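First the structure, in the form of structure tokens, and then the observations on it.
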Amino acid sequence: MTWEDEFRRRMEKFHPNSSEVDIGVPISIKIRPTGGCFHRQCSPMAYRIIDEYLKSHPSSDYEFVEHESGPELLVYLAFVTAGISFAANIINLVTAIIKARSEGIHRGDHRDAPLELIVRSFDENGKLREEKALTIDSWQNVSEDLIERALLTTTSKMIPKKKGKKSVAIKK
Numbered sequence: 001m002t003w004e005d006e007f008r009r010r011m012e013k014f015h016p017n018s019s020e021v022d023i024g025v026p027i028s029i030k031i032r033p034t035g036g037c038f039h040r041q042c043s044p045m046a047y048r049i050i051d052e053y054l055k056s057h058p059s060s061d062y063e064f065v066e067h068e069s070g071p072e073l074l075v076y077l078a079f080v081t082a083g084i085s086f087a088a089n090i091i092n093l094v095t096a097i098i099k100a101r102s103e104g105i106h107r108g109d110h111r112d113a114p115l116e117l118i119v120r121s122f123d124e125n126g127k128l129r130e131e132k133a134l135t136i137d138s139w140q141n142v143s144e145d146l147i148e149r150a151l152l153t154t155t156s157k158m159i160p161k162k163k164g165k166k167s168v169a170i171k172k
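Each residue of the sequence shown is one higher than the last, beginning at 1 in UniProt numbering.
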């Protein structure tokens, strides 16, 4: 099984009915270091902070998936009158993860390669789309506004142009 097949399976499990757009377009937001890893064993201090955040901010708006290469959030990109939108709790969670990694490094985690914020989805034809939204150095201050602007700019290139007709196709 290829990586793309595994990703497709995760997205299908998260969004089993891909023919409707009532709740939005399913996308993946990946937070990945440019080198090395970002998982619980290599970044225990960061994951303590992330775990505390997840525990104190429970939500059914996303699925949090741990990978050796960094956390992934499966979310729905909502259509609104003015275009597209992310729920505030998604923006806050992405920001909290990035800040947790920086704080984890200050507390003793050893990995400090820059992080990439990556958005993935499937287009109308079922083709995988992946766009890098932002690269963040471990010392760089990030804000919810910066994260939201980067995600909206990136996702606006990826969503179907004729919203409301047909959602993205996850199937092969």
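Built from N, CA and C at the ideal position, the CB exists for glycine as well. Keep in mind the model is a prediction, meaning the values are calculated, not measured.
**OP:** Grab the span of the alpha helix (DSSP H) containing phenylalanine 14 for me, first residue to last.
**Re:** Counting from one through the sequence shown, the residue named residue 14 turns up at place 14. Looking at the DSSP string, the run of the alpha helix (DSSP H) that includes phenylalanine 14 is 3 to 14.
**OP:** On the DSSP bridge assignment, give the partners of phenylalanine 64 in chain order.
**Re:** Looking up residue 64 in the sequence shown gives position 64. Answer is Leu73, bridged to phenylalanine 64.
**OP:** Could you tell me whether the Cβ atoms of isoleucine 31 and threonine 155 are closer together than 8 Å?
**Re:** If you number the sequence shown from 1, residue 31 lands on position 31. If you number the sequence shown from 1, residue 155 lands on position 155. Not a contact, by the Cβ cut-off of 8 Å.
Subject >> Pair within 8 Å by beta-carbon distance, aspartate 145 and proline 114 >> reply: On the sequence shown, residue 145 is found 145 positions in, with the first residue counted as 1. On the sequence shown, residue 114 is found 114 positions in, with the first residue counted as 1. No, they are not a contact pair.
Subject >> Nearest-angstrom Cβ-Cβ length linking leucine 54 and phenylalanine 38, presumed shorter than 8 Å >> reply: Stepping through the sequence shown from its first residue, residue 54 is reached at position 54. Stepping through the sequence shown from its first residue, residue 38 is reached at position 38. Their Cβ separation, rounded to whole angstroms, is 16 Å, which puts leucine 54 and phenylalanine 38 out of contact at 8 Å.
**OP:** Tell me the start and end of each unbroken beta strand (DSSP E) in the segment 24 to 67 that is at least 3 residues and wholly inside, in chain order.
**Re:** 25 to 33, 62 to 65
Subject >> Whole beta strand (DSSP E) elements within the segment 91 to 157, 3-residue minimum >> reply: 115 to 122, 128 to 136
Original post:
Are the beta-carbon atoms of methionine 45 and glycine 108 separated by less than 8 Å?
Top reply: By 1-based counting over the sequence shown, the position of residue 45 is 45. By 1-based counting over the sequence shown, the position of residue 108 is 108. Closer than 8 Å, so yes.
**OP:** Give the C-beta separation of leucine 152 and isoleucine 49 to the nearest angstrom, bearing in mind that I take them to be a contact with Cβ-Cβ under 8 Å.
**Re:** Here residue 152 is taken as the residue at index 152 of the sequence shown, counted from 1. Here residue 49 is taken as the residue at index 49 of the sequence shown, counted from 1. Not quite, the Cβ-Cβ distance comes to about 26 Å (not below 8 Å), so this is no contact.
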